[in-house]
Structure formats: structure tokens, C-alpha cells
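So for the sequence shown, the working numbering puts the first residue at 986; every next one is plus one. This report refers to the structure that appears directly beneath it.
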Amino acid sequence: MQIVKGELLVSKATAKSFFQSDMLLYLTILYLVEFVRGAALISFLPIYGDKALGLNLDVIGAAITAHYLTDTALKLAIGYLLDRLSIRTVVSVGLLFSLIGIVALHFADIPWIFITAAAIYGIGISPIWIVCLTRIKEDKRATQMGFLYTVWLVGLGSGPVVTNLLLDINLELTYWTMAAVALAAWLLSLLISGARSVHIDVVPFRKQLAILGSRLRDMRLLLPGMVLQTLGAGMLLPILPSFAVNGLGMTATHYSMLLLIGGGFTVAGLIPMGKLSDSFGKKWFLIAGFLSFGAVLFALTQKPPLGLAFFWAFLLGISYAAVLPAWNALLATFVPPGQQGLGWGVLSTVEGIGGMIGPIIGGLLATRFSESSVVGLAGIMFVIISFFYVFFPFRLFKGDATPK
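Right under this line is the structure:
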């Protein structure tokens, strides 16, 4: 993966303030957690469930949905706990549950164990992500979101790439690699400071919920887009490997290259896109990013030749890079000061609704129709979302005062 050096340069002050000693530890844990998540959800669970266990795509989709169900259901509680307990306690206990879920996959020879293991694994994913979000500085939010999403995507992307290569060698080796990385993440979490979260106002829980309820009412026009975005992405998770083989005629190596290209150009584009979003506003980045993303997904259903498929993967990566920093910087304007743990927990829960139901819908549609039909439907959804943002009244939102 080649990254242009100039695209990764930011001011020394921004880098110094962001990469503090505790933040480096958080980012390392985040990378390991997302490595395992990407390996499990994008490659291991779909391929292992299909090839080793002979499960249908609807069962695989149900397992991924179970993962997101526990992940989403616990986000509100985790945000509340982060406002009251030490970061080390919340993160380490959550990652211990995730490790137990990974261990249980080794015994998942029947569907209900497969689904239950995926659900247990979902318990510990959210805390470290929310902790990192609370460390973002207001004056450079989209730029620092670029840093954060770079780490997140490198982990999420390298996990399935390594897993695909290992699956061609040995299934047991693949599993134990995932387990070892999950164990490393948990052990590192024990090194986190025992201090409580900083910059937290002591406000009664009911009052915090009232404040956040007010923020959610303010952003009610944004809620349909939040759910549809994650719904479309969630539909793709259980069917991506089989679509690459059946719809695009790819080998496991080709699929790994596709992920490398898409993920690599997403990573390369995050920081420059974040800086541009800070300077010029979020609206057109969201519109162009979602429109391009949807169009490319639909184009992939036309069974393009290998070279063209790789080009579409490049456009997918750039499109995703345009959307992520702008979208999360917009969401950040609705997090009440001093209640970041609870605030990000609530917003992440709302976002997670689509991701929670998307995989099971995608699995059912793929079983009944085809993988290509799911990809095409997701593409249409993203195009519709882009038109939604054309008419969306961005100026009504106080935190988005940059030029449009």
C-alpha cells in the first residue's frame, strides 16, 4: 500500500497534542481490536461458516447481526460507565468478554453456538472506540478524525487481508492468529491508567438523558440517514466473500487485493479529506461521497473484468474517505460538553441500529435471490442517501457553520 508522504503531514502542534502517551496506547488497542473485528466479520465468519460448517448465508447474517446487537445494545451503558468508572475497568472487562467470544468460536460446530459466540464477541468492541472519540479536539475535529479513522481502517482492512491469506494455508492457524491478537488487545488494556475519564461534569443521569434527548430531537432530520447508511453497509457484510467469488469470479488472492486497494486508498484519503472538510464544510463531501459509493456498488453488479473491478475498488476507497471525517465531525456537534462518553454512546447506538439489522437482511436476501441483488440494492440506497443530503438543511445545525 503506497501512501503519498505529503498527504499524511499535519501541523506538529496537532500531531503532538493528539499522539500523547495515553492516546498511543488507546490507538494501539483500537488497531488490534479492529484487526480481529475485520478478520472475523469480513472473512472468518462468512468463509468458516460457509466452507467449514456448511451454514447458509442467512445463518451467517444472523451471527453478524447478533454481534452488532450486543455491540449496539451496550453502547449506551458503556458511555454511561465511562462517565463514572475508570477507562481501564470498562475497556479491559469488555475486551475480556470479546476474547471469550473468540475462544467460543473454536467450538462453534452448530448454528446456535456460532451465533452465540458472535454475540459475546460483540460485547467488548465499543469501549475503546468511544474512549478515542472523547479525546478528539474541537478545533481540529475532522482532521483528527482522519487520524483516528486511519488507525481504525488499517486495522479493519488488514484483518481480513491477513485472514484470507491464512485461510488458504490452514483454518486452525487462522483461528489462533485471531485469538492471539484478541489476547494481546486485552493484555494491553490492563496497562491503561486507572484514573477516571477527564472533563466530565457531574450531572444526574436523568438530566444527561434529557440533554441528549433534546439533541436527538434537534437532529431528527439526520436520523433517517444515520440508520440507512449503516443498514446499507451492514447488508454487505455476510455476502462480500461469496459475492467476490460468485459475482466477480475472484480467487481469495484477488479478494485480498480488492480489499487492499479499497482500504488503502481510504486510509490515504482520510487525513486530506478531513482537512478539506474542516476548511470547506461537510455538505458536498457527504453528497459526492455517498453518490459515488452507491454508483460504484451498482457498477460492480455488472460483473466487470478484474482490472475494472480494481478501479471501482479505488473509487470506493476515495468515496469512503470523503464521507467518514465529514459525517463524524457533523455528529460531534450534538455531543454535550462534559458528557462525551454518554453522548457518543447514544449517537453510536442510533447509528448501530442499521448495522444491527443489515446483516440478517442481507443474508436473507442473498439466500432467497443472489449476492449481486444485495450489492445492487445497497448501491441504490447510498444513491438515495446522497440526494437526501442535497436537500438537507445543514445551516440549521449550529455546529456546521463552515461555508457550503
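Every residue, glycine too, gets a C-beta built ideally from N, C-alpha and C.
Which value, in whole angstroms, describes the spacing of the CA atoms of residue i and residue j?
i, j, result
"Ala-1164", "Val-1088", "7 Å"
"Arg-1069", "Ala-1048", "32 Å"
"Gly-1259", "Pro-1310", "5 Å"
"Leu-1216", "Ser-1178", "36 Å"
"Ala-1170", "Leu-1080", "7 Å"
"Leu-1075", "Asp-1153", "The sequence shown places Val at residue 1075, not Leu. Cα to Cα, Val-1075 sits roughly 37 Å from Asp-1153."
"Tyr-1374", "Met-1366", "13 Å"
"Asp-1043", "Ile-1027", "15 Å"
"Trp-1114", "Ala-1218", "19 Å"
"Ile-1063", "Tyr-1160", "28 Å"
"Ala-1237", "Leu-1300", "21 Å"
"Leu-994", "Ala-1058", "Note that Leu-994 scores a pLDDT of 39, beneath 50, so its modelled location is shaky; the value from the coordinates is reported in the next line. Each residue's alpha carbon lies about 38 Å from the other."
"Arg-1073", "Leu-1175", "6 Å"
"Pro-1145", "Trp-1269", "31 Å"
"Glu-1257", "Leu-1040", "Looking at the sequence shown, residue 1257 is not Glu but Pro. Near 42 Å, if we compare the C-alpha coordinates of Leu-1040 and Pro-1257."
"Tyr-1011", "Leu-1118", "11 Å"
"Leu-1285", "Leu-1138", "22 Å"
"Ala-1102", "Leu-1090", "6 Å"
"Leu-1168", "Arg-1353", "38 Å"
"Met-1242", "Ser-1077", "34 Å"
"Lys-1036", "Leu-1066", "40 Å"
"Leu-1150", "Tyr-1240", "10 Å"
"Leu-1172", "Ser-1357", "41 Å"
"Ser-1264", "Ala-1229", "38 Å"
"Gly-1140", "Arg-1202", "34 Å"
"Ser-1071", "Asp-1007", "13 Å"
"Phe-1295", "Ile-1014", "31 Å"
"Ile-1105", "Val-1018", "14 Å"
"Leu-1207", "Val-1116", "24 Å"
Beta-carbon of residue i versus every beta-carbon of chain C: anything under 9 Å?
i, result
"Ser-1083", "Absent from the structure: chain C. Only one protein chain is present."
Can you check whether the CB of residue j is closer than 9 Å to the CB of residue i?
i, j, result
"Ser-1143", "Gly-1109", "no"
"Trp-1312", "Leu-1271", "yes"
"Ile-1224", "Val-1368", "no"
"Gly-1279", "Ser-1371", "yes"
"Phe-1275", "Val-1308", "yes"
"Phe-1092", "Leu-1038", "no"
"Gly-1107", "Thr-1148", "no"
"Ser-1262", "Ala-1298", "no"
"Leu-1222", "Pro-1031", "yes"
"Val-1212", "Ile-1338", "yes"
"Val-1136", "Tyr-1305", "no"
"Gly-1046", "Gly-1348", "yes"
"Ser-1355", "Asn-1231", "yes"
"Tyr-1033", "Gly-1340", "no"
"Gly-1249", "Gly-1302", "yes"
"Phe-1132", "Leu-1291", "no"
"Phe-1020", "Val-1166", "yes"
"Thr-1050", "Ile-1342", "yes"
"Ser-1227", "Ala-1351", "yes"
"Leu-1362", "Glu-1336", "no"
Please classify residue i as buried or exposed, where buried requires at least 16 other C-beta atoms within 10 Å of its C-beta.
i, result
"Lys-1288", "exposed"
"Leu-1009", "exposed"
"Phe-1376", "exposed"
"Pro-1209", "exposed"
"Ser-1111", "buried"
"Arg-1022", "buried"
"Ile-1095", "exposed"
"Leu-1282", "buried"
"Gly-1234", "exposed"
"Lys-1267", "buried"
"Arg-1120", "buried"
"Leu-1293", "exposed"
"Lys-1060", "buried"
"Asp-1186", "Here the model assigns Asp-1186 a pLDDT of 47, short of 50, so the residue's position is not dependable and the matter cannot be decided."
Whole alpha helix (DSSP H) runs in the stretch 1001-1032 with 4 or more residues, listed along the chain? 1006-1023
_I'd like the ranges of any alpha helix (DSSP H) spanning at least 4 consecutive residues and lying wholly in the stretch 1214-1257._
1225-1231
**Message:** To test your reading of the DSSP string, which unbroken beta strand (DSSP E) runs of 3 or more residues are found completely within the stretch 1082-1142?
**Reply:** none
Legend entry - Whole alpha helix (DSSP H) elements within the stretch 1257-1297, 4-residue minimum: 1268-1285
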